[in-house]
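Novice: Take a look at this one; I'll ask things after.
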Amino acid sequence: MAECRSLVNVTGNAVAVVVVSAWEGELDRSKMHAVLYGARDQRVSIDGSVTLNGSQSVDSKVH
């Protein structure tokens, strides 16, 4: 039972982070999608664009 409670707590905290950051306008959706969809080797340049696996470039300001 304790493991289930811990799992629910961690999941709730993860969802809360995304919801609150979106509410505050601080959620960078392109970076979130890059990480969630497997772009493990990403590089962020000074202008805010994200380079995925050295080939694609995603503008982080697009919401």
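Counting from 8, one number per residue, gives the positions in the sequence shown under the working numbering.
Glycine included, each C-beta is placed from N, C-alpha and C at the ideal position.
Remember, it's a predicted structure, so these values are computed and weren't measured experimentally.
Throw me the rounded Cβ distance for the residue 25 and residue 34 pair, which I believe falls under 8 Å.
Specialist: By one-based count along the sequence shown, residue 25 stands at place 18. By one-based count along the sequence shown, residue 34 stands at place 27. Sure, about 7 Å apart at Cβ, within 8 Å.
Novice: Using 10 angstroms around the beta-carbon of residue 41, count the other beta-carbons present and answer buried if the total reaches 16, otherwise exposed.
Specialist: The sequence position of residue 41 within the sequence shown is 34, counting from 1. So residue 41 counts as buried.
Novice: Please work out which residues of its chain come closer than 8 Å, Cβ to Cβ, to residue 28, disregarding the five sequence neighbours upstream and downstream, and give them in chain order.
Specialist: Translated into positions along the sequence shown, residue 28 becomes position 21. Result list for residue 28: 34, in chain order.
Novice: For residue 18, collect the residues of the same chain with a Cβ closer than 7 Å to its Cβ; drop the 5 residues on either side in sequence, then sort them by chain order.
Specialist: To locate residue 18, count along the sequence shown from 1; it is residue 11. Here the set comprises nothing.
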